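Numbering (my numbering), first residue to last: 2 to 84. Where a beta carbon is used, it is the ideal one built from N, C-alpha and C, also for glycine. None of these values were measured; they are calculated from a predicted model.
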């Protein structure tokens, strides 16, 4: 994800329905968020919204170098970035 500001704002607004996952190319994770939101009657969506606000603010407060390093480190480690 090259545009840090767009990604941070989308994480704040749409994290509950998995849009950041789709933006990162993690389709399975995005679909899983949607399904879990439906199955749990929105409980997971509320939790994801809170985490999305926290993560979005964290992304927006990073410098471009920190953002690029965090993204590369995540890809190399093979763990979800949490963005």
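Keeping to the same chain, check which residues put their C-beta closer than 7 Å to that of residue i; ignore five residues upstream and five downstream.
| i | result |
| --- | --- |
| residue 48 | none |
Report the option in the options whose CA atom is closest to the CA atom of residue i.
| i | options | result |
| --- | --- | --- |
| residue 8 | 66, 58, 70 | 58 |
| residue 50 | 12, 5, 6 | 12 |
| residue 10 | 66, 40, 33, 56 | 56 |
So residue i and residue j are supposed to be a Cβ contact under 8 Å. How far apart are they, rounded?
| i | j | result |
| --- | --- | --- |
| residue 38 | residue 30 | Contact flag wrong, Cβ pair sits at about 13 Å. |
| residue 53 | residue 16 | 2 Å |
Note down, in chain order, each residue of its chain lying with its Cβ closer than 8 Å to the Cβ of residue i, except the 5 sequence neighbours on either side.
| i | result |
| --- | --- |
| residue 23 | 31 |
| residue 70 | none |
Excluding the 5 residues preceding and the 5 following residue i in the sequence, name in chain order all residues of the same chain whose CB lies nearer than 6 Å to its CB.
| i | result |
| --- | --- |
| residue 34 | 19 |
| residue 46 | 17, 38 |
| residue 76 | Below a pLDDT of 50, predicted positions are generally treated as unreliable, and residue 76, at 47, falls in that range; the measurement from the model is reported next regardless. Excluding positions up to five away in sequence, the list is empty. |
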